[in-house]
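So the protein lines, in turn, are chains A and B. Numbering of the first sequence is given in the numbering used here, commencing with residue 1 and proceeding in unit increments. Numbering of the second sequence is given in the numbering used here, commencing with residue 166 and proceeding in unit increments. Every residue, glycine too, gets a C-beta built ideally from N, C-alpha and C.
2 protein chains.
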Amino acid sequence: MSSTITMTGPLEPRSGWTADRCSMARTLDVVRNRASFLILREAFYGATRFEEFVSQTGLSEPVCAARLRELTDVGILRREPYQEPGQRTRHAYLLTEQGSELLPVLVALMQWGDRWAQDGLGAPVEFHHAGCGGRVGLELRCSGGHAVGGEELQLAVGPQRQQRS
Amino acid sequence: MSSTITMTGPLEPRSGWTADRCSMARTLDVVRNRASFLILREAFYGATRFEEFVSQTGLSEPVCAARLRELTDVGILRREPYQEPGQRTRHAYLLTEQGSELLPVLVALMQWGDRWAQDGLGAPVEFHHAGCGGRVGLELRCSGGHAVGGEELQLAVGPQRQQRS
DNA sequence: AGACTGGCTTAGCTCGTTCTTAGTCAGCTA
DNA sequence: TAGCTGACTAAGAACGAGCTAAGCCAGTCT
């Protein structure tokens with residue numbers, strides 16, 4: 001099977017360990033529900049105000065409020081007071097560094113969906129490089145600078161865990 | 166806001182269009198539920214038999230059966246008959262090309278979780294390049310070969326859509 | 001023939017997410 | 001002072017995804 005990942009060291013065989021600290025699962029816990037994801041997408045698309053999130057995600061206000069609170073509690077968004085002239089102070093929801101780093105997740109989802117979930121119609125929207133205008137995509141690369149194919153991947157235990165016992 | 170994406174052409178302003186064909190949302194529809202994701206992860210980790218999926222995901226048999234069926238219906242997995250000596254014919258669940266291409270999504274989830282959802286403990290497991298042993302990660306790159314930062318992204322309408330009106 | 005095993009299916013329950021509808025509250029405008 | 005608006009909160013119903021417990025079926029082993 002070219003598409004499966006080779007296990008190395010104590011990870012072999014798979015039945016010998018449990019993925020109880022799986023980073024993928026933990027990230028998905030944060031973005032899993034449709035509402036959180038939609039809010040996140042609109043945050044990247046520039047939404048900051050409660051009303052913008054409600055109208056552009058199409059979510060109901062209660063759900064939107066609950067998820068915005070959740071995302072700020074987790075540290076993906078932060079609330080910042082702002083004031084428009086002649087208006088009272090309100091709160092803007094802004095992406096934190098932690099939130100901004102979810103961009104590759106969204107791009108990866110988009111890339112797959114463009115190819116496999118658009119009935120051959122192609123990408124509805126595309127990312128381009130502001131500098132050169134070239135189309136932007138995600139690539140797997142190693143620290144040696146090589147482009148890496150899925151069949152060239154090996155799974156190894158992380159640095160912290162190797163030490164204790 | 167350095168972390169938000171610049172809109173171009175008809176995508177400006179955001180309130181002028183709806184994301185009703187959003188590729189990200191469509192992909193997430195496929196991987197959204199925890200069960201589907203766990204099954205997919207184990208498929209990449211090399212699981213092929215029903216019992217392997219059940220024991221390694223920790224899911225109940227009914228859910229596992231339902232999700233395996235769903236994933237094969239969608240085209241992410243395929244069922245292939247196999248026979249071990251002295252055993253009757255059974256079915257293996259294998260990743261299709263469509264399924265294999267979800268790898269970047271998993272890697273993106275893993276990368277974020279490693280940094281933000283492990284309480285500073287670092288990555289439990291890591292990907293390495295089978296060729297050179299270097300650590301593998303995802304990078305945003307444009308067709309011109311430049312590494313692209315989140316703040317250098319522009320969103321444009323896809324090629325298919327620009328044509329019709 | 002009868003028991004065993006892997007791979008499921010069925011039934012019934014719980015819990016979480018979302019929806020709709022209906023408020024509340026703070027501060028600006030008239 | 002009374003109303004308006006943006007940003008929420010509260011309550012209740014609907015739905016879906018997960019669980020457990022139980023059963024079924026095909027083929028092998030004894």
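Where does the unbroken alpha helix (DSSP H) through residue 72 of chain A begin, and where does it stop?
As a first step, residue 72 of chain A is located in the first sequence; it is residue number 72 there, counting from the start. First-last of the alpha helix (DSSP H) with residue 72 of chain A: 61 to 74.
Residues of chain A with CB closer than 8 Å to the CB of residue 237 of chain B, please, in chain order.
Within the second sequence, residue 237 of chain B is the residue found at index 72, counting from 1. By Cβ distance, chain A contributes nothing, its closest Cβ being about 15 Å from residue 237 of chain B, past 8 Å.
Inspect the beta-carbon positions of residue 303 of chain B and residue 109 of chain A and report whether they are closer than 8 Å.
By one-based count along the second sequence, residue 303 of chain B stands at place 138. By one-based count along the first sequence, residue 109 of chain A stands at place 109. Between residue 303 of chain B and residue 109 of chain A, the gap from beta carbon to beta carbon reaches 8 Å or more.
In the stretch 273 to 323 of chain B, which residue ranges form an unbroken beta strand (DSSP E) of at least 3 residues, counting only runs that do not cross its ends?
Segments of the beta strand (DSSP E) lying fully in the stretch 273 to 323 of chain B: 290 to 294, 301 to 307, 318 to 322.
What does the alpha-carbon distance come out to for the pair residue 91 of chain A and residue 159 of chain A?
Position 91 of the first sequence holds residue 91 of chain A. Position 159 of the first sequence holds residue 159 of chain A. So the two alpha carbons sit approximately 41 Å from each other.
Using a Cβ cut-off of 8 Å (strictly closer), state whether residue 292 of chain B contacts chain A.
Here residue 292 of chain B refers to the residue found at position 127 of the second sequence. Among the residues facing chain A, residue 292 of chain B is included, as its CB has a counterpart in that chain under 8 Å away.
Assigned secondary structure, residue 19 of chain A (DSSP; H/G/I helix, E/B strand, else coil)
Residue 19 of chain A sits at position 19 when you count from the first residue of the first sequence. Of the three classes helix, strand and coil, the one that applies to residue 19 of chain A here is coil, per DSSP.
Which residues share a DSSP beta bridge with residue 7 of chain A?
Here residue 7 of chain A corresponds to residue number 7 of the first sequence, with the count starting at 1. DSSP, once it has assigned bridges, lists A:155 as partnering residue 7 of chain A.
From which residue to which residue does the beta strand (DSSP E) around residue 259 of chain B run?
Here residue 259 of chain B corresponds to residue number 94 of the second sequence, with the count starting at 1. Secondary structure note for residue 259 of chain B: its beta strand (DSSP E) is the uninterrupted segment 254 to 260.
What does residue 287 of chain B reach in chain A if we use C-beta pairs closer than 9 Å?
If you number the second sequence from 1, residue 287 of chain B lands on position 122. At a C-beta separation below 9 Å, residue 287 of chain B has these neighbours in chain A: 158, 159, 160, 161.
I'd like to know whether the C-beta of residue 104 of chain A is nearer than 8 Å to at least one C-beta of chain B.
The sequence position of residue 104 of chain A within the first sequence is 104, counting from 1. Taking Cβ atoms only, chain B reaches closer than 8 Å to residue 104 of chain A, which makes this a yes.
Under a CB-based cut-off of 8 Å, is residue 210 of chain B close to chain A?
Numbered from its first residue, the second sequence carries residue 210 of chain B at position 45. Closer than 8 Å to some Cβ of chain A, the Cβ of residue 210 of chain B qualifies, so yes.
Who are the near neighbours of residue 269 of chain B in its chain, counting only those whose CB is closer than 8 Å to its CB and skipping five residues on each side?
Start at 1 with the first residue of the second sequence, and residue 269 of chain B comes out as number 104. Closer than 8 Å at the Cβ level, and outside the excluded window around residue 269 of chain B, lie 303.
Chain B contacts from the stretch 55 to 66 of chain A (Cβ-Cβ distance under 7 Å):
For the stretch 55 to 66 of chain A, the beta-carbon criterion of a distance under 7 Å to any beta-carbon of chain B is satisfied by 56.
Spatial neighbours of residue 59 of chain A in its chain, beta-carbon cut-off 8 Å, leaving aside the 5 residues before and after:
Numbered from 1 along the first sequence, position 59 holds the residue referred to as residue 59 of chain A. Only residues of its own chain outside the window of five on either side were considered, and among them 35, 38, 39, 53, 67 have a CB closer than 8 Å to the CB of residue 59 of chain A, listed in chain order.
For residue 242 of chain B, three-class secondary structure by DSSP
By one-based count along the second sequence, residue 242 of chain B stands at place 77. Strand.
Do you know offhand how far residue 246 of chain B's Cα is from residue 254 of chain B's?
Along the second sequence, read from residue 1 onward, the residue named residue 246 of chain B stands at position 81. Along the second sequence, read from residue 1 onward, the residue named residue 254 of chain B stands at position 89. Each residue's Cα considered, the two are about 6 Å apart.
Same chain, Cβ closer than 8 Å to residue 261 of chain B, five either side skipped, listed in chain order
For the purposes of this step, residue 261 of chain B is taken as the residue at position 96 of the second sequence. Excluding sequence neighbours, residue 261 of chain B sits near 240, 241, 242, 243.
Let me know if residue 62 of chain A comes out buried or exposed under the rule of 16 or more other beta-carbons within 10 Å of its beta-carbon.
Numbered from its first residue, the first sequence carries residue 62 of chain A at position 62. Only exposed fits residue 62 of chain A, as fewer than 16 other CB atoms lie within 10 angstroms of its CB.
Against chain B: residues of the stretch 21 to 47 of chain A by CB proximity under 9 Å:
Listed in sequence order: 21, 22, 23, 24, 25, 26, 27, 28, 29, 30, 31, 32, 33, 34, 37, 38, 41, 42, 43, 44, 45, 46, 47.
Terminal residues of the alpha helix (DSSP H) in which residue 217 of chain B lies:
Here the question's residue 217 of chain B lines up with position 52 in the second sequence. Residue 217 of chain B: member of the alpha helix (DSSP H) spanning 215 to 222, first to last residue.
Compare the C-beta of residue 311 of chain B with all C-beta atoms of chain A and state if any pair is closer than 8 Å.
Numbered from its first residue, the second sequence carries residue 311 of chain B at position 146. Yes, contact with chain A.
Measuring only between beta-carbons, confirm whether residue 101 of chain A sits less than 8 Å from chain B.
For the purposes of this step, residue 101 of chain A is taken as the residue at position 101 of the first sequence. Yes, its Cβ sits closer than 8 Å to a Cβ of chain B.
Option in B:175, B:320, B:278 with minimal Cα separation from residue 286 of chain B:
Residue 286 of chain B sits at position 121 when you count from the first residue of the second sequence. Considering only alpha carbons, the answer is B:278.
Limits of the alpha helix (DSSP H) - the one that residue 169 of chain A falls within:
This structure leaves residue 169 of chain A out entirely; chain A is present only between 1 and 165.
Outcome for residue 276 of chain B when other beta-carbon atoms lying within 10 angstroms are tallied against a minimum of 16
As a working note, residue 276 of chain B is residue 111 in the second sequence. So residue 276 of chain B ends up on the buried side.
Between residue 314 of chain B and the ligand ADP, is the CB less than 7 Å from at least one heavy atom?
With respect to small molecules bound, the structure shown includes none, and the ligand ADP cannot be examined in it.
Between the CA atoms of residue 149 of chain A and residue 173 of chain B - distance to the nearest angstrom
Reading the second sequence from its first residue, position 8 is the one you call residue 173 of chain B. Reading the first sequence from its first residue, position 149 is the one you call residue 149 of chain A. For residue 173 of chain B and residue 149 of chain A, the distance between alpha carbons rounds to 32 Å.
Evaluate residue 48 of chain A with the Cβ neighbour count: other Cβ atoms within 10 Å of its Cβ, from every protein chain shown; 16 or more gives buried, anything less gives exposed.
Here the question's residue 48 of chain A lines up with position 48 in the first sequence. Flag for residue 48 of chain A reads buried.
Residues of its chain near residue 198 of chain B, where Cβ-Cβ distance is below 8 Å and the 5 sequence neighbours each way are ignored
Locating residue 198 of chain B in the second sequence gives position 33, where the first residue counts as 1. In the same chain as residue 198 of chain B, and ignoring 5 residues on each side of it, the C-beta atoms closer than 8 Å to its own belong to 232, in chain order.
Taking the straight line between their C-alpha atoms, what separation do you get for residue 328 of chain B and residue 119 of chain A?
Numbered from its first residue, the second sequence carries residue 328 of chain B at position 163. Numbered from its first residue, the first sequence carries residue 119 of chain A at position 119. Since pLDDT at residue 328 of chain B reaches only 46, below the 50 mark, its modelled position is unreliable, and the value read off the structure follows with that caveat. C-alpha separation (whole angstroms): 17 Å.
Applying the criterion that 16 or more other CB atoms from any shown protein chain within 10 Å of the CB defines a buried residue, is residue 180 of chain B buried or exposed?
Counting from 1 along the second sequence, the entry for residue 180 of chain B is found at position 15. With fewer than 16 other Cβ atoms within 10 Å, it is exposed.
Just the Cα atoms here: how many angstroms apart are residue 69 of chain A and residue 266 of chain B?
As a working mapping, residue 69 of chain A is identified with position 69 in the first sequence. As a working mapping, residue 266 of chain B is identified with position 101 in the second sequence. Roughly 33 Å separates the two Cα atoms.
Decide if residue 252 of chain B is buried, meaning its Cβ has at least 16 other Cβ atoms within 10 Å, or exposed.
Walking along the second sequence from the start, residue 252 of chain B turns up at place 87. The residue is exposed, with fewer than 16 neighbouring Cβ atoms inside 10 Å.
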